[in-house]
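S.K.: The structure under discussion is supplied below as structure tokens; questions concerning it will follow.
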Amino acid sequence: MKHFAGWVMALCAATAWGQSTTGLSTQWEELTGPDFITAIHQAQGVCLLPFGIIEKHGPHLPLGTDLINVRYASQHAAQQEYTVVFPPYYFGQIAEARQQPGTVSYSMKLQLELLQETTDEMSRNGCKKIVIVNGHGGNESLLPFFAQAQLESQHDYVVYVYWWHAGNAPDRPKEHSKNDMHAGESETAHTLISRPDLVHLDRAGQESGADENRLHLPDGLYTGIWWYAKFPNHYSGDGSVAAKELGEYDMKAWEAGIADVVRAVKADETSLKLQNEFFEAAKHPLETKQ
Ligand SMILES: [Zn+2]
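The letter at position 148 of the sequence shown is residue 1313 when you use the working numbering, and the numbering goes up by one with no holes.
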């Protein structure tokens, strides 16, 4: 009987968006104060911070594509493995798209301060293991830098950064395009799953997403204008060839990847222990055994 009741509850709860199989919402902003306490305990202190951005995505996708997709994957993952998902967050690195309409680009200083205060506040509320789920390529340097900077001063929580990549699994539907970095085939396919109503497939060919390759520098030499040199339209690839099949495959893989990460982070007792040991030792470097 107990099993049957549990099964019915699970079935009912699974139909509601943002609800876990236990009936508790997975979304921070949907929980009541008293339920939040239960939620954090149920999540074993693991919280997700899906990190998006607001930037142009070709002529055919919404400005919030990264935010929409990373939240879609995170919320579905949280239903598979319970965790609390932080409210919409899009205060990342996107200076390279400032010439495009609708881009919201905060200063580097503010990005770091806001992220630090956000994770501090999450921790103060019991999230002692924070997984930043990255949904935006331009954050690729920011987020590991932020995670590394956590060693600067003592924290009673751990910051993890997860960035899912489409692998080369043999069963992944074949891509038609070679160049597919931003608002291209796969990102368009993902949005066909998360918010098909916001995808204007018929407009995807109105601008060029071809690599203009205007910069000729030796390998290993980096400069910030590299992206603009390649893709002045802030569009890389061809969204018009996107198919739902690829989107479905990738979104499932992304969700499963996040759910696996949540399980692993719940089980991880080592990171915080080592962090504490490190901070203690860092107070007295001359006493560190040589
Ligand atoms: Zn994107």
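Using N, Cα and C, we set each Cβ at its ideal position, and we do this for glycine too. All values derive from a computational prediction rather than experimental measurement.
Can you have a look at Gly1303 and say buried or exposed, based on whether 16 or more other CB atoms are within 10 angstroms of its CB?
M.R.: The sequence position of residue 1303 within the sequence shown is 138, counting from 1. Buried: at least 16 other Cβ atoms inside 10 Å.
S.K.: Tell me whether Lys1294 sits in a helix, a strand or coil according to DSSP, three-state version.
M.R.: Stepping through the sequence shown from its first residue, residue 1294 is reached at position 129. The answer is strand: DSSP assigns Lys1294 an E or B state.
S.K.: Please name the residue in Ala1334, Pro1253, Ala1375, Gln1319 whose C-alpha comes closest to that of Val1298.
M.R.: Numbered from 1 along the sequence shown, position 133 holds the residue referred to as residue 1298. Nearest to Val1298 by alpha-carbon distance, out of Ala1334, Pro1253, Ala1375, Gln1319, is Pro1253.
S.K.: Assuming Met1287 contacts Phe1251 (C-beta within less than 8 Å), just tell me the rounded distance between them.
M.R.: As a working note, residue 1287 is residue 122 in the sequence shown. As a working note, residue 1251 is residue 86 in the sequence shown. Rounded, the Cβ-Cβ distance is 7 Å, consistent with contact.
S.K.: CB-CB under 6 Å to Glu1340, same chain, minus the five flanking residues each way: which ones, in chain order?
M.R.: Within the sequence shown, the letter at position 175 stands for residue 1340. Cβ within range, chain order: Glu1350.
S.K.: Since Val1326 is in the alpha helix (DSSP H), which residue starts that stretch and which ends it?
M.R.: Here residue 1326 corresponds to residue number 161 of the sequence shown, with the count starting at 1. From DSSP, Val1326 is part of no alpha helix (DSSP H) but of the beta strand (DSSP E) over 1323 to 1327.
S.K.: In or out: Asp1362 buried (at least 16 other Cβ within 10 Å) or exposed?
M.R.: The residue you call residue 1362 lines up with position 197 of the sequence shown. By the neighbour-count rule (16 or more Cβ atoms within 10 Å), Asp1362 is not buried but exposed.
S.K.: Taking its Cβ as the centre, do 16 or more other Cβ atoms sit within 10 Å of Arg1236, making it buried, or is it exposed?
M.R.: Position 71 of the sequence shown holds residue 1236. Answer is buried; the Cβ neighbour count reaches 16.
S.K.: Is any non-hydrogen atom of ligand 1 found closer than 7 Å to the C-beta of Glu1372, if you look at the structure I gave you?
M.R.: On the sequence shown, residue 1372 is found 207 positions in, with the first residue counted as 1. Not so, every heavy atom of ligand 1 lies at least 7 Å from the Cβ.
S.K.: Going along the chain, which unbroken runs of the beta strand (DSSP E) with 3 or more residues stay wholly within the segment 1229 to 1281?
M.R.: none
S.K.: Distance check for Gln1244 and Glu1452, CA to CA, integer angstroms please.
M.R.: The residue you call residue 1452 lines up with position 287 of the sequence shown. The residue you call residue 1244 lines up with position 79 of the sequence shown. Going by the C-alpha atoms only, they are around 47 Å apart.
S.K.: Straight-line CA distance for Asp1403 to Leu1411?
M.R.: As a position in the sequence shown, residue 1403 is number 238, starting the count at 1. As a position in the sequence shown, residue 1411 is number 246, starting the count at 1. In a straight line, the C-alpha of Asp1403 is about 14 Å away from that of Leu1411.
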